[in-house]
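Chains as they are written, first to last, in this note's numbering: chain L, 1 to 114; chain F, 115 to 223.
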């Protein structure tokens with residue numbers, strides 16, 4: 001597609017439920033990044049994929065968070081046993097290579113845990 | 115942890131005035147980038163300045179970089195109401211970009 005697509009744009013879930021957030025990067029972009037942004041803060045790194053593999057998952061806050069990118073394109077961020085503190089905007093970005101010369105971001109998924 | 119720190123946290127100006135915001139960072143970098151975010155959603159890449167550059171222009175944007183002070187500034191000239199947004203600096207750390215906390219700019223018509 002023309003840009004990075006994230007679905008859903010908004011998700012409200014009950015505490016303790018499981019959620020999946022999807023990111024469809026720009027075609028041909030090998031690097032994919034997930035960030036989390038709390039209100040009034042800058043984006044915080046969660047995980048980075050180069051192709052199909054998670055090259056750096058050091059930002060995942062705990063083992064309730066997991067992400068996959070099985071075919072090197074679409075990625076899914078999975079959150080188990082959601083907590084109210086997980087409420088945030090989850091941003092996905094992609095770039096042609098992992099050279100850190102500029103990302104294209106999606107519009108994000110606003111997750112609200114009630 | 116966030117590498118960059120923006121200053122000020124918030125800025126309110128009249129349309130037509132210039133807006134200046136600053137970013138400080140901690141470690142050596144090979145480039146620094148500025149992004150813009152409207153309404154808390156996706157970020158848009160504005161400009162990249164490499165470590166061997168001191169100043170760069172793009173339209174009404176002017177970015178400076180002082181690697182000795184580990185700081186950068188973003189100047190928006192002749193601001194417009196549509197420039198109302200949050201602005202973030204970002205620096206590479208390993209395989210990823212690390213973002214600062216942002217400056218929220220309000221341009222009043």
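C-beta: ideal position from N, C-alpha, C; glycine also.
Check the Cβ-Cβ distances between residue 140 (chain F) and every residue of chain L, and say whether any is below 7 angstroms.
Within the second chain, residue 140 (chain F) is the residue found at index 26, counting from 1. Not an interface residue.
Within 7 angstroms (strictly less), CB to CB, does residue 90 (chain L) reach chain F?
On the first chain, residue 90 (chain L) is found 90 positions in, with the first residue counted as 1. With 7 angstroms as the cut-off, residue 90 (chain L) does not count as an interface residue toward chain F.
Please state the DSSP three-state secondary structure of residue 86 (chain L).
On the first chain, residue 86 (chain L) is found 86 positions in, with the first residue counted as 1. It is helical.
Using Cβ-Cβ distances below 8 angstroms, what residues of the segment 157 to 174 of chain F are close to chain L?
Result list: 157, 158, 159, 162.
What do you get for residue 99 (chain L), buried or exposed, if any count of 16 or more other CB atoms within 10 angstroms of its CB means buried?
By 1-based counting over the first chain, the position of residue 99 (chain L) is 99. Exposed, because fewer than 16 other Cβ atoms sit within 10 Å of the Cβ of residue 99 (chain L).
Starting from the Cα of residue 192 (chain F), find the closest Cα among F:139, F:215, F:150, F:131 and give me that residue.
Start at 1 with the first residue of the second chain, and residue 192 (chain F) comes out as number 78. The residue with the shortest Cα to Cα distance from residue 192 (chain F) is F:131.
At 8 angstroms on the CB atoms, spell out the chain F contacts of residue 43 (chain L), in chain order.
Counting from 1 along the first chain, the entry for residue 43 (chain L) is found at position 43. The answer, in chain order, is 157, 202, 213.
Take residue 159 (chain F) and list the residues in its own chain whose beta-carbon comes closer than 7 angstroms to its own, dropping the five residues that flank it on each side.
For the purposes of this step, residue 159 (chain F) is identified with residue 45 of the second chain, where counting begins at 1. Answer for residue 159 (chain F): 147, 149, listed in chain order.
Assuming residue 218 (chain F) and residue 108 (chain L) form a contact by the criterion Cβ under 8 angstroms, report the distance between their Cβ atoms to the nearest whole angstrom.
Walking along the second chain from the start, residue 218 (chain F) turns up at place 104. Walking along the first chain from the start, residue 108 (chain L) turns up at place 108. About 17 angstroms; that fails the 8 angstroms criterion.
Check whether the Cβ of residue 116 (chain F) lies closer than 7 angstroms to any Cβ atom in chain L.
Locating residue 116 (chain F) in the second chain gives position 2, where the first residue counts as 1. The predicted position of residue 116 (chain F) is uncertain, since its pLDDT is 46 and thus under 50; a value taken from the coordinates is nonetheless stated next. Among the residues facing chain L, residue 116 (chain F) is included, as its CB has a counterpart in that chain under 7 angstroms away.
Pairwise C-alpha distance: residue 111 (chain L) and residue 115 (chain F):
Position 1 of the second chain holds residue 115 (chain F). Position 111 of the first chain holds residue 111 (chain L). Note that residue 115 (chain F) scores a pLDDT of 40, beneath 50, so its modelled location is shaky; the value from the coordinates is reported in the next line. Each residue's Cα considered, the two are about 22 angstroms apart.
Proximity test, residue 202 (chain F) beta-carbon vs the ligand ZN heavy atom, cut-off 6 angstroms
You won't find the ligand ZN in this model; it holds no ligand whatsoever.
Verify whether the separation of the beta carbon atoms of residue 66 (chain L) and residue 210 (chain F) is less than 7 angstroms.
For the purposes of this step, residue 66 (chain L) is identified with residue 66 of the first chain, where counting begins at 1. For the purposes of this step, residue 210 (chain F) is identified with residue 96 of the second chain, where counting begins at 1. No, they are not a contact pair.
State yes or no: is the C-beta of residue 221 (chain F) within less than 7 angstroms of the C-beta of residue 195 (chain F)?
One-based indexing of the second chain puts residue 221 (chain F) at position 107. One-based indexing of the second chain puts residue 195 (chain F) at position 81. Yes, the Cβ-Cβ distance between residue 221 (chain F) and residue 195 (chain F) is below 7 angstroms.
Might you give, ordered along the chain, the residues of its own chain that have their beta carbon closer than 6 angstroms to the beta carbon of residue 24 (chain L), omitting 5 neighbours on each side?
Numbered from 1 along the first chain, position 24 holds the residue referred to as residue 24 (chain L). These residues qualify, in order along the chain: 5, 74.
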